[in-house]
Structures are given as C-alpha cells and as structure tokens.
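Have a look at the structure below, then the notes.
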Amino acid sequence: MMEPEAIRALLQTGLNEADVEVVGDGRHFQARIVSPDFEGIPLLRRHRMVYDLLQTHIDSDVLHAISMRTLTPAQAAAEQD
1 MMEPEAIRAL
11 LQTGLNEADV
21 EVVGDGRHFQ
31 ARIVSPDFEG
41 IPLLRRHRMV
51 YDLLQTHIDS
61 DVLHAISMRT
71 LTPAQAAAEQ
81 D
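Structure (structure tokens):
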C-alpha cells in the first residue's frame with residue numbers, strides 16, 4: 001500500500017519544478033501534475049513519463065491504479081482564469 005505523499009515525492013523528484021497533488025485510498029489514486037517538462041509533449045507521452053517514474057511500484061502491485069492530469073504551467077494557469 002502506498003500513501004499519496006510517497007507518490008507525490010516520487011513525481012516531484014523525477015520531474016522538474018513539478019507541482020503535484022495526489023489523492024487516493026492506498027491502491028487507487030488520482031493525480032494532477034504540473035511541470036514544464038511537459039511543454040511540447042503529447043498527452044500519451046506525458047503519461048508514459050509519469051508511469052516510467054512509478055513503474056517499479058506498479059509492477060510490484062503496491063500501486064494498482066493511477067489516473068492523472070498532466071499539465072504545463074501555462075495550461076494550469078489557463079484553468080485558473
């Protein structure tokens with residue numbers, strides 16, 4: 001079982017200037033991830049970047065499922081308007 005904070009820390013370590021929010025029940029999580037690393041990157045590749053950071057935990061079934069929103073800082077700012 002994983003804590004949301006552990007996922008947040010993994011993503012913040014693996015992505016530059018990441019702003020990460022994670023909620024979940026220990027096996028199923030939802031994440032909102034904002035990072036300039038996503039600039040110019042298609043959505044599926046962004047998700048692959050995140051999965052690559054979490055793959056060990058997914059493979060061991062400690063992390064069963066994660067749904068995510070991956071945004072650039074400009075996209076996140078546009079949502080605020």
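Under UniProt numbering, think of the first position of the sequence shown as 1, with each following residue one higher. Glycine included, C-beta positions come from ideal geometry on N, C-alpha and C. Every value quoted in this text rests on a predicted model; they were computed, and no experiment measured them.
* beta strand (DSSP E) segment containing Thr-70, residue limits -> Membership of Thr-70 in the beta strand (DSSP E) is indicated by the continuous run 65-71.
* Asked: Buried or exposed: which applies to Arg-46, given that a residue is buried once 16 or more other Cβ atoms fall within 10 Å of its Cβ?
  -> Burial call: buried.
* Asked: Can you tell me whether Ser-67 is buried or exposed, with buried defined as 16 or more other CB within 10 angstroms of its CB?
  -> By the neighbour-count criterion, in which 16 or more other beta carbons inside 10 Å mark a residue as buried, Ser-67 falls on the exposed side.
* For Arg-8, I'd like the list of residues in its chain whose CB is within less than 6 Å of its CB, leaving aside the five on either flank, ordered along the chain. => Same-chain partners within the cutoff: Val-20 and Val-22.
* Below 9 Å between beta carbons: does that hold for Thr-72 and Phe-38? -> It is a contact, given that the beta carbons lie within the stated cut-off.
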